[in-house]
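What follows is a single structure, written as structure tokens, with notes after it.
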Amino acid sequence: MLMSRCFLALMDRLRILGKFSGAVGNYNAHVVSYPEVNWPHIAEQFVQSLGLSFNPYVAQIETHDYMAKLFHLLIQFNNILIEFDRDVWGYISLGYFNQTTKAGEVGSSTMPHKVNPIDFENSEGNLGVANGEGLDRFNCLKEHGCRHRAFSSCLQKHTSRNREASVYCSSEQDAYTKFLSLTICITSEQVNEARLSEDLNQCWEVLAEPIQTVMRRYGVSEPYEKLKELTRGRAVTQKSIRDFIEGLYIPEEAKMNLLKLTPDTYVGAAVELARTVKNVVNTVYGRKI
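For the sequence shown, UniProt numbering puts the final residue at 289, and the numbers step up evenly by one.
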């Protein structure tokens, strides 16, 4: 979820712009009514007093470039959550996570034992809908570069935006609701450590990486090719890995370190990295990502 934290940081830095320069952006009526007033300066001060950034160059409406950027960031953020939903759904399907049953909940009309990951399925679907709406708004709002309605965007306010503006918040509110729901749902999942360990300890081929790396360190020729011959298209077992290590011409200490490795202990710095996540993950709306 660190990637989602990065996108939230980008959203925090996004400037929300405002205009206060009259109907067509040139202070026409302002200047005629009070010609002695420095209207650009007054307008900037007023807009900034509202907590907004001032856009001095506008037409009938503020160009909404920042909104297009915001919707694009939201789409990217939602995509992270969608991938998270799919990952958790997959882990549940594989038996790595056990779902918490709820009294009165029905998972199937004919299979009473079934517990569906409906929260993650609903989240994925709703975030997809939010992305579809967000992409449509992104395309309608973009002003510069790839301008799809240049004439009307430049010269007059186009009424097709009224409908877009009236529903800006609906999908984002839904996405936010699903985000909060996800933070609750994931805490109810129980890790099936026995199943994880069972699958992991059948994958001795993962040790081909550290073995060939140590072989390179001590100048053993063709380490990749030798491990490829040992592992590719073959059933790799603890015995075949240990026999291969025993036959290596490397220092005894290095050999012993390799012999101590198992699929579930070959984790690198994962434990330390996981513990330091708390130091970089921020709190969003009162909930930790």
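Ideal Cβ positions, reconstructed from N, Cα and C, are used throughout, including at glycine.
Item, Value
"Nearest neighbour of LEU135, chosen from LEU74, THR187, GLU229 [CA to CA]", "LEU74"
"Distance CB(LEU227)-CB(ALA208) smaller than 8 Å", "yes"
"Beta carbon of ILE211 nearer than 8 Å to that of ILE186", "no"
"Closer than 8 Å to chain B by CB, MET256", "Here there is only one protein chain, and chain B is not present."
"Counted within 10 angstroms of its Cβ, other Cβ atoms place HIS41 as buried (16 or more) or exposed", "exposed"
"Span separating the alpha-carbon of SER224 from that of LEU200", "For the sequence presented, residue 224 should be read as Tyr rather than Ser. Using only the alpha carbons, I get a separation of about 23 Å."
"Pair within 8 Å by beta-carbon distance, PHE120 and ASP85", "yes"
"Where LEU14 falls, given that 16 or more other Cβ within 10 Å makes a residue buried", "exposed"
"Boundaries of the alpha helix (DSSP H) in which PRO210 is found, first to last residue", "208 to 217"
"Nearest residue (CA-CA) to GLY247, options ASN55, ARG234, LEU230, THR262", "LEU230"
"Whole-angstrom distance between ASN122 and ASN78, CA atom to CA atom", "13 Å"
"Residue of GLU36, ASP12, ALA43 minimising C-alpha distance to GLY25", "ALA43"
"GLY18 and LEU50 closer than 8 Å at C-beta", "yes"
"Exposure of THR46, with buried meaning 16 or more beta-carbon neighbours within 10 Å", "Thr is not the amino acid found at residue 46; the sequence shown has Phe there. Burial call: exposed."
"Beta-bridge pairing of LEU17 - partner residues as DSSP gives them", "SER53"
"Enclosing alpha helix (DSSP H) for SER188 [first to last residue]", "Taken as a continuous stretch (DSSP letters only), SER188 belongs to no alpha helix (DSSP H), as it is neither H nor E."
"Nearest neighbour of GLY95, chosen from VAL115, ASN126, GLU222 [CA to CA]", "VAL115"
"ILE80 vs GLU124 beta-carbon contact at 8 Å", "no"
"Enclosing alpha helix (DSSP H) for PRO223 [first to last residue]", "223 to 231"
"Simplified DSSP assignment, three categories, for ASN116", "coil"
"With 16 other Cβ atoms within 10 Å as the buried cut-off, status of ARG275", "exposed"
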